[in-house]
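**Q** Residue numbers (mature numbering (1 follows the signal peptide of the UniProt record, and there is no 0)): -25 to -1, 1 to 144.
Quick reminder that beta carbons are idealized off the backbone N, C-alpha and C, glycines included.
Only a predicted model underlies this, so the values are computations on that prediction, with no experimental measurement involved.
(1) Would you call the segment 52 to 71 and the segment 88 to 100 in contact, with 3 or more CB pairs under 8 Å?
(2) Near residue 87, which residues of its chain fall below 8 Å by C-beta distance, leaving aside the five closest residues on each side in sequence?
(3) Going by CA-CA distance only, name the one from 76, 24 and 32 that's closest to residue 114.
(4) Does the distance from the C-beta atom of residue 129 to that of residue 58 stay below 7 Å?
(5) Curious, which full-length beta strand (DSSP E) runs of at least 3 residues does the segment 23 to 69 contain?
(6) With respect to the beta strand (DSSP E) encompassing residue 99, which residues constitute its N-terminal and C-terminal limits?
(7) Would you call residue 110 buried or exposed, if buried means 16 or more other Cβ atoms sit within 10 Å of its Cβ?
(8) Smallest Cα separation from residue 118: which of 21, 23 and 27?
(9) Just the Cα atoms here: how many angstroms apart are residue 36 and residue 79?
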């Protein structure tokens, strides 16, 4: 009975170790890219490791100026800064911050280590102007996000309904 119990514990410990090592290899392999546009510095050291998720652009009325929203996640131990955003499909993309009474353009936005920069309604966001073609539901606009340390990450951002809210549909 004791040898059976010892064998079960050894087998369980081996299975846990194999799962941990396999999961770690999977995370390292996935750290270089992602479906919604991911990239960043190598996983070594404490460098910033950025990925982009939950990106969308509400359909602008009459195809004019639009806002853009997304989340930049940083799994690394070093912070980074979003310095600029550009697009081959628009003449201008600027960074903005909203408060209760104003909206102001900002030069850069911080991406904290082990944290996230969230561009969301009522807060920080992108302003997209001068579309090359009028946007329609389901279109995707390429945005090139340039960071101080990580460099540029290109993402395809879908045009959604004006009332779209991530996680609520």
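**A** From the atom records:
(1) yes
(2) 49 and 54
(3) 32
(4) no
(5) 25 to 33, 41 to 49 and 55 to 61
(6) 99 to 106
(7) buried
(8) 27
(9) 21 Å
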